[in-house]
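Data block below; observations after.
Protein chains: 2
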Amino acid sequence: EIRMTSFESMIEFSEFKTNEQGLIPVIVQHYKTQEVLMLAYMNKEAFNNTIKTGRMTYYSRSRQSLWVKGETSGHFQYVKSLTIDCDNDTLLAKVDQVGAACHTGNPTCFFQHIAGNDFDETNPLRVFESVYQVI
Amino acid sequence: EIRMTSFESMIEFSEFKTNEQGLIPVIVQHYKTQEVLMLAYMNKEAFNNTIKTGRMTYYSRSRQSLWVKGETSGHFQYVKSLTIDCDNDTLLAKVDQVGAACHTGNPTCFFQHIAGNDFDETNPLRVFESVYQVI
Numbered sequence: 005e006i007r008m009t010s011f012e013s014m015i016e017f018s019e020f021k022t023n024e025q026g027l028i029p030v031i032v033q034h035y036k037t038q039e040v041l042m043l044a045y046m047n048k049e050a051f052n053n054t055i056k057t058g059r060m061t062y063y064s065r066s067r068q069s070l071w072v073k074g075e076t077s078g079h080f081q082y083v084k085s086l087t088i089d090c091d092n093d094t095l096l097a098k099v100d101q102v103g104a105a106c107h108t109g110n111p112t113c114f115f116q117h118i119a120g121n122d123f124d125e126t127n128p129l130r131v132f133e134s135v136y137q138v139i
Numbered sequence: 005e006i007r008m009t010s011f012e013s014m015i016e017f018s019e020f021k022t023n024e025q026g027l028i029p030v031i032v033q034h035y036k037t038q039e040v041l042m043l044a045y046m047n048k049e050a051f052n053n054t055i056k057t058g059r060m061t062y063y064s065r066s067r068q069s070l071w072v073k074g075e076t077s078g079h080f081q082y083v084k085s086l087t088i089d090c091d092n093d094t095l096l097a098k099v100d101q102v103g104a105a106c107h108t109g110n111p112t113c114f115f116q117h118i119a120g121n122d123f124d125e126t127n128p129l130r131v132f133e134s135v136y137q138v139i
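Sequences listed follow chains X and R, in order. So the first sequence is numbered by this note's numbering: it starts at 5 and just counts up by one. So the second sequence is numbered by this note's numbering: it starts at 5 and just counts up by one.
In structure tokens:
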């Protein structure tokens with residue numbers, strides 16, 4: 005299956021408030037389950053490629069290069085919506101995630117619980133989500 | 005109402021992979037609605053205060069000081085759970101948010117839509133959420 009959807013951004017990358025490395029952090033959330041999947045970073049090229057291809061593209065700080073998420077794993081993230089925060093320094097991307105978001109095979113990179121209770125398990129809304137899956 | 009709940013962290017701040025400023029980014033999500041509210045940063049002191057008081061405490065990069073969210077506005081964020089990602093460089097906090105998360109008065113800091121469709125509006129799960137509110 006080839007999916008290619010171009011978007012247009014209402015704001016240019018140059019209007020974002022980037023960090024010391026010229027990057028903007030991007031919170032990635034599953035558009036249906038609302039699960040937070042990962043945090044990654046974009047430079048101008050990554051942002052423009054994301055908008056152009058509809059596939060989430062990041063700047064890898066460790067490899068210091070452009071990184072189309074899923075390019076090697078097949079676990080692409082298809083853009084559903086992009087939102088920027090009040091001070092223009094963080095993006096929120098809602099995506100359709102193919103396979104696991106995390107390189108460990110976990111659905112989300114946030115699987116190490118360090119404090120408190122994970123209310124996901126007891127959230128009554130989850131009942132409705134289960135019902136919805138059946139419907 | 006005074007709410008004070010201490011937590012214990014399964015991981016020390018020193019085990020986190022911090023950025024160049026010694027900070028770790030924290031994604032803040034509403035524990036019930038799963039709405040992403042904001043991104044902020046913690047240093048060791050902010051993290052330890054969050055764990056000790058159960059109130060989200062950040063390091064303000066602009067003011068270069070500790071910042072108990074809600075201290076002036078009353079819009080506290082009470083910790084429900086903390087999770088760290090696969091490479092220990094980002095925290096996800098699920099919180100109970102008092103009032104608006106954003107200083108603009110918006111419920112979330114992510115209110116500036118820049119591309120794509122916000123599927124929240126059409127997501128069938130929202131129907132169940134509405135039903136749940138009534139129940």
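Backbone N, C-alpha and C fix where the C-beta goes; we use that ideal spot for every residue, glycine too.
About 5 angstroms separates the Cβ atoms of R:Leu96 and X:Val40, confirming a contact at the 8 angstroms cut-off. Using beta-carbon distances, R:Ser85 counts as an interface residue toward chain X, with a partner under 7 angstroms. In this structure, X:Ile31 sits away from X:Thr22, with a CB-CB distance that is not shorter than 7 angstroms. Residue-level contact by beta carbon fails for R:Met46 and chain X, as no gap is shorter than 7 angstroms. Between the segment 74-86 of chain R and the segment 54-61 of chain X there are fewer than three inter-stretch CB-CB distances shorter than 8 angstroms, so the stretches are not counted as touching. In the three-state reduction of the DSSP assignment, R:Ala44 falls in the strand class, which pools E and B.
Taking CB atoms only, R:Gly120 has a neighbour in chain X less than 7 angstroms away. The segment 32-93 of chain R contains, as complete beta strand (DSSP E) runs of 3+ residues, the segments 40-46, 61-64, 69-72 and 81-88 (chain order).
When the beta-carbon positions are compared, R:Lys98 and R:Gln33 come within less than 7 angstroms of each other. Here the alpha carbons of X:Cys90 and R:Gln116 stand approximately 7 angstroms from one another.
Taking 7 angstroms as the CB threshold, X:Val40 lines the interface with chain R. Cβ proximity to chain X below 8 angstroms picks out Glu24, Pro29, Ile31, Gln33 and Tyr35 from the segment 18-35 of chain R. Contacts between X:Ser13 and chain R, judged by CB atoms closer than 8 angstroms, involve Ile118 and Ala119 in chain order.
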